[in-house]
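Just add 1018 to wherever you are in the sequence shown, counting from 1, and you've got my numbering. To start, the structure under review is shown below, and the notes come after it.
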Amino acid sequence: MLKNFIFDIDGTLIDTIEMYMPALQVTLEKHGYHRDYHDLTKLFGITALDALRGAGVAEADLQPIFKEWFDLAYQNTAQVKVFPEIEDVLSQLATHPEINLVVATSKTTDEYRNEFAKNFAIAKYFDHYVTADDTKKHKPDPDPVLAGIAKVNGVAAESIYIGDTINDLKAATAAGAHFGAALWGSAQPENLVDAEFSLQTPSDLLKLI
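Printed below as a string of structure tokens:
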């Protein structure tokens, strides 16, 4: 039985790709890093600094470009929405006392608290969260998923990680947990064909309990 439902945030709970990725492309172009937008979307869902490294940004440029990127992205926060069905599904899962709801995200703790928890009421459904500050290694390494399982004293066999990217899939697999592909928010669903559970809509999660 699945007892621990661990969620990614961006592209899974909330629709943020159009907030972050166009701003990233514009910022990179400004600094002489010319990158195809489709290639940049492959970096969605990992830590911001790892995304910049993946885009080929020099270490010396990381911090100033990071700040400029996020300053630009935050101008578009009004367009970020919770995916349809998410709140209803979380509320239904929360009625089951044997089920734990956890977040494991590439956001920093400050980003989690100030961007997610303060702005989206669905944060109330999560008793625990793991951020990029909580683990030395990040997705696709299993550490964030393992940390999420540890938060509830759970075991991998009773845990499922729900995410929208190949790095989410790799992290869950490496952790020995089940994986649910959040196809409703995935920019590259073709990368998730090997997912144990292909979830077309959030309500498909209710079939797993």
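Glycine included, each C-beta is placed from N, C-alpha and C at the ideal position. Computed from a prediction, not measured in an experiment: that's the story for all the values here.
Buried versus exposed call for THR1183 [16 or more other C-beta atoms within 10 Å across all chains shown]: Residue numbering aside, residue 1183 sits at position 165 when the sequence shown is read from its first letter. It counts as buried.
Report all residues from its chain with a CB closer than 7 Å to the CB of TYR1051; omit the five preceding and five following residues, and keep chain order. The residue labelled residue 1051 in the question sits at position 33 within the sequence shown. Excluding positions up to five away in sequence, the list reads ALA1073, GLY1074, VAL1075.
Report the three-state DSSP secondary structure of HIS1052 (helix, strand or coil). Taking the first residue of the sequence shown as position 1, residue 1052 is located at position 34. Three-state DSSP puts HIS1052 in coil, outside helix and strand.
Are ASP1186 and THR1123 closer than 8 Å when you measure CB to CB? Indexing the sequence shown from 1 puts residue 1186 at position 168. Indexing the sequence shown from 1 puts residue 1123 at position 105. Against a cut-off of 8 Å, the Cβ pair of THR1123 and ASP1186 comes out as no contact.
Considering only the beta carbon of each residue, do LEU1226 and PHE1215 sit closer than 8 Å? Position 208 of the sequence shown, counted from the first residue, corresponds to residue 1226. Position 197 of the sequence shown, counted from the first residue, corresponds to residue 1215. Yes, the Cβ-Cβ distance between LEU1226 and PHE1215 is below 8 Å.
Kindly list the residues whose CB is nearer than 8 Å to the CB of GLY1029, restricted to its own chain and excluding five residues on each side of it in sequence; keep chain order. Here residue 1029 refers to the residue found at position 11 when the sequence shown is read from its first residue. Hits under 8 Å: ILE1035, PHE1062, GLY1063, GLY1181, ASP1182, THR1183, ALA1200, GLY1203, SER1204, ALA1205.
Using three-state DSSP, classify ASN1118 as helix, strand or coil. Translated into positions along the sequence shown, residue 1118 becomes position 100. For ASN1118, the three-state secondary structure derived from DSSP is strand.
If we ignore side chains and look at the alpha-carbon of each, how far apart do TYR1179 and ASP1057 end up? One-based indexing of the sequence shown puts residue 1179 at position 161. One-based indexing of the sequence shown puts residue 1057 at position 39. Approximately 25 Å between the Cα atoms of the pair.
Based on the DSSP secondary-structure assignment, which residues constitute the bridge partners of HIS1146? By one-based count along the sequence shown, residue 1146 stands at place 128. Partner(s): VAL1120.
Cβ-Cβ separation, TYR1143 to SER1109 (assumed contact under 8 Å), whole Å: Here residue 1109 is taken as the residue at index 91 of the sequence shown, counted from 1. Here residue 1143 is taken as the residue at index 125 of the sequence shown, counted from 1. Contact holds; Cβ gap of about 7 Å.
Quick one: which unbroken beta strand (DSSP E) runs of 3-plus residues sit fully inside the stretch 1121-1190? Chain order, please. 1146-1148, 1177-1181
Identify every run of the beta strand (DSSP E) within the stretch 1191-1226, keeping only runs that are complete inside it and at least 3 residues long; order them along the chain. 1196-1200, 1215-1217
Among LYS1125, ILE1167, ASP1161, ALA1190, the one whose alpha carbon lies nearest that of ALA1066: The sequence position of residue 1066 within the sequence shown is 48, counting from 1. Comparing Cα-Cα distances from ALA1066 to each of LYS1125, ILE1167, ASP1161, ALA1190, the minimum goes to LYS1125.
Using alpha carbons as the reference points, say which of PHE1138, PHE1023, THR1219, ALA1213 lies closest to GLU1116. The count along the sequence shown starts at 1 and reaches residue 1116 at position 98. Ranking PHE1138, PHE1023, THR1219, ALA1213 by Cα distance to GLU1116 puts PHE1023 first.
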